[in-house]
Amino acid sequence: MLGKYEFLDSEINYVLKYFEPTVSSIFIWIDYINEAFFDNNLIIKKLKQVKKQLMNMNYLDEFQDIKNHFLNIYDEVLYLMISYELKEIDYNYYAIAPKLRVIKELFIQADNIVKFCYDGLKKYKKVPSIKQLKNFFLQELQNKLTLVERFNKFSTIEFDNQQNEIIILLKNEQNIDKWLSGISLILAIYEDILDNLYNIDKTELSYFWKIIYRLNEMQSICEIYQNICYYINDK
1473 MLGKYEFLDS EINYVLKYFE PTVSSIFIWI DYINEAFFDN NLIIKKLKQV KKQLMNMNYL
1533 DEFQDIKNHF LNIYDEVLYL MISYELKEID YNYYAIAPKL RVIKELFIQA DNIVKFCYDG
1593 LKKYKKVPSI KQLKNFFLQE LQNKLTLVER FNKFSTIEFD NQQNEIIILL KNEQNIDKWL
1653 SGISLILAIY EDILDNLYNI DKTELSYFWK IIYRLNEMQS ICEIYQNICY YINDK
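Using my numbering, read the sequence shown as starting at 1473 and increasing by one per residue.
Structure below.
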């Protein structure tokens, strides 16, 4: 996606103030998942290559190739986890799969941010403000929240009363910090029951995992916004 867009020298620095903090989030999550790989005796070195490529990136156009490289690794890891399931090899699925989805979401949002900036420049002749970017993220969060509610209707593990109350509050929430707190609490409640799920076939938990993945994606969007705000305030 990035290769489709051309920015003037006078514009690129404004785009980078949104893009660079997102890439920094990718660095952090690659470190997280590499720790999870190590803890589960999984030998996957390719994500270190992705991190190195990102660190050495000189032009925005290079990001698309790096993203495609990651997506290939993403598919490889998913295939590896399926093979582990078939061979009944013990490992912590929850420690790996959600982190993998978060990194994928970060790559997607990095693309989306550049497109959002490009569209703003074409329409308004200037890079969107942080307030406009916040509204963009809030819409992304609402879209994913709608999916979470839909998946919950079919999940074998439904939200408890506290989780439902949080969902209701988030529908009208405009503060992204509060979104992050609410999402984190929903996930924390789920974590309390994870130990009881290891003996249940994952096909029976498909909607449960879809909910977990969407919540992790929402968490990453909130973190991107926070990182961008910190980055701008430090300048």
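Here a beta-carbon is modelled for each residue, glycine too, at the ideal position from N, C-alpha and C.
Could you check what DSSP says for residue i in three-state terms: helix, strand or coil?
i, result
"Lys1707", "Caution is warranted here: a pLDDT of 48 is assigned to Lys1707, below 50, making its placement in the model unreliable, and the coordinate value is therefore given only provisionally. Note: Lys1707 maps to coil in three-state DSSP."
"Asp1583", "helix"
"Leu1474", "Low local confidence applies: a pLDDT of 49 at Leu1474 is under 50, so the model's placement there is unreliable, and no value is given."
"Val1599", "coil"
"Asp1537", "helix"
"Met1553", "helix"
"Asn1530", "coil"
"Asn1678", "With the sequence shown as reference, residue 1678 is identified as Ser, and Asn is not the correct amino acid for it. In the structure shown, Ser1678 sits in a helix (DSSP, three-state: H, G or I)."
"Ser1627", "coil"
"Leu1578", "helix"
"Glu1645", "coil"
"Leu1514", "coil"
Going by CA-CA distance only, name the one from the options that's closest to residue i.
i, options, result
"Tyr1551", "Gln1604, Ile1655, Leu1514, Ile1629", "Leu1514"
"Val1495", "Asn1584, Ile1545, Tyr1546, Ile1648", "Asn1584"
"Tyr1486", "Ile1640, Glu1548, Ile1602", "Ile1602"
"Leu1572", "Leu1558, Lys1594, Glu1557, Phe1542", "Phe1542"
"Leu1488", "Tyr1504, Asp1533, Ile1500, Lys1517", "Asp1533"
"Phe1631", "Ile1484, Lys1595, Trp1681, Ile1696", "Trp1681"
"Asn1607", "Glu1507, Leu1619, Tyr1697", "Tyr1697"
"Phe1499", "Asp1511, Met1527, Lys1517, Ile1484", "Met1527"
"Asn1544", "Glu1645, Ala1582, Ile1640, Ile1516", "Ile1516"
"Leu1666", "Phe1535, Met1529, Asp1511, Tyr1565", "Tyr1565"
"Ala1508", "Lys1650, Glu1483, Val1549", "Val1549"
"Ile1484", "Ser1497, Phe1510, Asn1530, Asn1506", "Asn1530"
"Glu1621", "Ile1629, Ile1639, Ala1582", "Ile1639"
"Ile1655", "Asn1624, Asn1688, Leu1677, Thr1628", "Asn1688"
"Glu1623", "Leu1677, Lys1594, Glu1637", "The amino acid occupying residue 1623 in the given sequence is Phe; Glu does not appear at that position. If we check each option's Cα against that of Phe1623, Leu1677 comes out closest."
"Ala1582", "Ser1497, Asp1481, Leu1641", "Ser1497"
May I ask which residues mark the beginning and end of the alpha helix (DSSP H) holding residue i?
i, result
"Glu1560", "Counting along the chain, Glu1560 falls outside any alpha helix (DSSP H), and DSSP gives it neither H nor E."
"Thr1494", "1481-1511"
"Ile1661", "1648-1663"
"Lys1518", "1518-1527"
"Glu1637", "1633-1642"
Using C-beta distances below 7 Å, list every residue in its chain close to residue i, excluding the 5 sequence neighbours before and after it, in chain order.
i, result
"Pro1600", "Phe1588, Cys1589, Gly1592"
"Tyr1685", "Pro1570, Arg1573"
"Phe1626", "Tyr1679"
"Gln1635", "Ile1658, Ile1661"
"Tyr1504", "Lys1571"
"Glu1612", "Ile1693"
"Tyr1556", "Tyr1563"
"Ile1683", "Val1620, Phe1623, Asn1624, Ser1627"
Between which residues of its own chain and residue i is the CB-CB distance below 8 Å, once the five residues before and five after are set aside?
i, result
"Lys1643", "Gln1614, Leu1617"
"Ile1502", "Leu1519, Lys1520, Val1522, Lys1523, Ile1575"
"Glu1492", "Tyr1703"
"Leu1652", "Gln1691, Cys1694, Glu1695, Gln1698"
"Gln1646", "Leu1610"
Please report whether the beta-carbon of residue i lies at a distance below 7 Å from any beta-carbon of chain D.
i, result
"Lys1524", "Although the question refers to chain D, the structure presented lacks it and comprises just one protein chain."
Could you name the residues of the same chain whose beta carbon sits closer than 6 Å to that of residue i, not counting the 5 residues immediately before and after it, in chain order?
i, result
"Tyr1490", "Ile1585, Ile1700"
"Lys1707", "For Lys1707, the predicted structure reports a pLDDT of 48, less than 50, and the residue's modelled location is therefore unreliable. The matter cannot be settled from this model."
"Glu1663", "none"
Next on the checklist: Under 8 Å: do the segment 1475-1485 and the segment 1505-1525 share three or more Cβ pairs, one atom per stretch?
Outcome noted: no
Next on the checklist: With three or more beta-carbon pairs closer than 8 Å as the criterion, would you say the segment 1689-1696 touches the segment 1560-1580?
Outcome noted: yes
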